[in-house]
Amino acid sequence: MISHAALSNDLTAAFFLRPDDRSWLKDLLGGQVQFDVPMERYTTLGVGGPADALATPTDTRTLEKLVSGADQRSIPWLVVGGGSNLLVKDGGIRGIVILLGAHYKGIAETGSDAARPKLRVKAGTRLSTLCRYTIDHGLAGLGFALGIPGSVGGSILMNAGTAGGSIQDVLTSVSVLWPGGRIERIEKKDLVFGYRRLTLPGWEVTPRSGEINDNRKGVIVDGVFVFEPGDAGQLKSDARRIKKERRQRQPLGKASAGCFFKNPVDHPPAGRLIDLAGLKGNRVGDAQVSMQHGNFIINRGKACAADILNLAEIIENQVLARFGVQLEPEVIIVGESNHATKSI
Ligand SMILES: Cc1cc2nc3c(=O)[nH]c(=O)nc-3n(C[C@H](O)[C@H](O)[C@H](O)COP(=O)(O)OP(=O)(O)OC[C@H]3O[C@@H](n4cnc5c(N)ncnc54)[C@H](O)[C@@H]3O)c2cc1C
């Protein structure tokens with residue numbers, strides 16, 4: 073039996089946000105910080121206990137001060153984009169969750185090569201907004217991204233994609249804000265792309281949970297993408313077809329984080345193995361393996377994170393027993409299982 077500890081690490085279990093940390097955040101962010109905010113509102117799975125603090129800095133200077141100050145005070149922090157690849161556990165997140173506000177949304181043309189048009193896209197921009205922009209402007213290359221929810225920053229970090237391609241095919245560089253306030257532009261040759269994961273120089277990724285260890289954590293603030301000139305009419309009709317196919321294959325109206333498990337190497341896709349193991353429709357509480365797609369765990373309404381993790385554990389064990397294949401979560405699993413309160 074695989075334990076929850078194996079599915080995720082309670083990395084920040086010993087941390088408590090102190091009253092003077094809360095005062096510092098209020099002084100720095102004013103109305104742009106809230107405390108003890110349920111993360112179920114910020115994840116597409118609709119589960120997750122409270123974040124100690126939820127900060128939405130509205131300019132770069134404030135974001136710099138926030139990550140630098142948090143590091144000086146040893147407060148853990150985590151950037152959340154669309155929350156569409158994130159499972160937050162029921163005890164919530166100790167420390168600060170950072171959302172990129174309006175200042176981090178936007179698309180601008182860059183570069184001068186008409187044959188290879190480039191766009192600089194801020195990390196908080198929705199991936200769907202970028203897709204629409206490229207279609208309207210006759211820029212080809214993002215067909216694989218149609219229908220993938222979430223932000224551009226999260227999509228870069230996840231190297232989001234499908235069998236038709238992934239972010240690494242169109243990304244040429246990223247800008248990263250490091251603690252201390254330095255913004256570094258990192259070219260593609262220095263980025264390490266893996267299956268549904270980009271690793272930046274110096275990053276260590278926690279096995280299985282996918283969380284980035286706290287040392288040298290950075291915020292992706294924008295990415296530069298390169299496209300091919302295309303025909304807007306053709307791109308529009310391709311987009312309609314791709315979205316229709318996605319609607320037929322995936323339970324898009326239900327709360328989920330997309331594919332829960334990575335596809336194993338040299339084996340059938342995870343969804344096929346789960347289907348063959350007879351697990352479609354299986355439930356723990358309100359968490360259910362989608363009848364439409366075996367690799368989607370859906371929240372039927374009242375699931376908690378523990379239900380989803382228990383169901384994931386059952387799936388892993390059954391697939392391992394039937395096919396000898398160890399599935400690994402694709403979703404990033406963060407937070408604590410239980411939140412002990414402490415008076416300081
Ligand atoms: C219905 C559905 C369908 C999906 N289909 C697909 C698919 O076909 N292909 C696919 O690849 N994915 C798919 N997904 C998963 C998800 O949409 C993608 O992984 C998406 O790119 C995640 O973006 P996000 O902004 O929601 O990231 P989040 O879930 O918010 O975060 C994911 C990770 O990125 C980190 N992060 C986010 N923003 C930043 C930043 N600016 N700087 C540093 N780190 C950051 C977070 O800390 C976290 O570790 C699907 C999800 C759903 C719900």
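Count along the sequence shown starting at 1, add 72, and that's the number in this note's numbering. Note that CB positions come from ideal geometry on N, CA and C, so glycine has one too.
Segment contact: the segment 349-359 against the segment 170-190, fewer than three CB-CB distances shorter than 8 Å; contact not assigned. Between R318 and D262, the alpha-carbon positions lie close to 33 Å from each other.
At least one heavy atom of ligand 1 is found less than 7 Å from the C-beta of L158. Here the distance from the Cβ of I370 to the nearest heavy atom of ligand 1 is not below 7 Å. In this chain, the alpha helix (DSSP H) harbouring Q320 covers 304-321. Taking 8 Å as the cut-off, the Cβ atoms of V109 and K190 do not count as close.
The Cβ atoms of D347 and G330 do not sit closer than 8 Å to each other. Following the DSSP letters along the chain, one finds D294 inside the beta strand (DSSP E) bounded by residues 291-298. By the C-beta density criterion, G103 is exposed, having fewer than 16 other C-beta atoms within 10 angstroms. The closest heavy atom of ligand 1 lies less than 7 Å from the beta carbon of R268. Under DSSP, G237 forms a beta bridge with T234. Residue range 264-266 is occupied by the beta strand (DSSP E) that includes F265.
Listed in chain order, the non-local C-beta contacts of S328 below 6 Å within the same chain comprise F368, I370, local neighbours out to five positions each way being set aside. When DSSP assignments are scanned along the segment 192-228, the uninterrupted stretches of alpha helix (DSSP H) that are 4 or more residues long and fall wholly within it turn out to be 199-208. Judged by DSSP secondary structure, L126 falls within the beta strand (DSSP E) whose first and last residues are 122-127.
Closest option to G155, judged by alpha-carbon separation, among N410, D99, I404, K326: I404. By the neighbour-count criterion, in which 16 or more other beta carbons inside 10 Å mark a residue as buried, S227 falls on the buried side. Membership of N389 in the alpha helix (DSSP H) is indicated by the continuous run 377-395. Boundaries of the beta strand (DSSP E) harbouring S245: 243-249, taken from the DSSP string. Proximity of the segment 159-176 to the segment 107-122 meets the contact definition, three or more beta-carbon pairs being nearer than 8 Å.
Between the beta-carbon of G252 and that of L172 there is about 19 Å, and that puts the pair past the 8 Å contact cut. Per the C-alpha coordinates, the member of R372, G373, F395, P401 positioned closest to E385 is P401. Residues I207 of the same chain have their beta carbon placed closer than 8 Å to that of K308, with the five preceding and five following residues left out of the count.
The beta-carbon separation of V293 and K177, rounded to 11 Å, does not stay under the 8 Å limit for a contact. Spatial neighbours of K316 in its own chain (CB-CB distance under 6 Å, excluding positions within 5 residues in sequence) are not present.
L117 and L158 have their C-alpha atoms roughly 8 Å apart. Ligand 1 has no heavy atom closer than 7 Å to the beta-carbon of A377. Note on P91: under 16 other CB atoms within 10 angstroms of its CB, so exposed under the neighbour-count rule.
A straight-line Cα-Cα distance of about 11 Å links V139 and G167. For the 8 Å CB-CB criterion, D358 and K374 form a contact.
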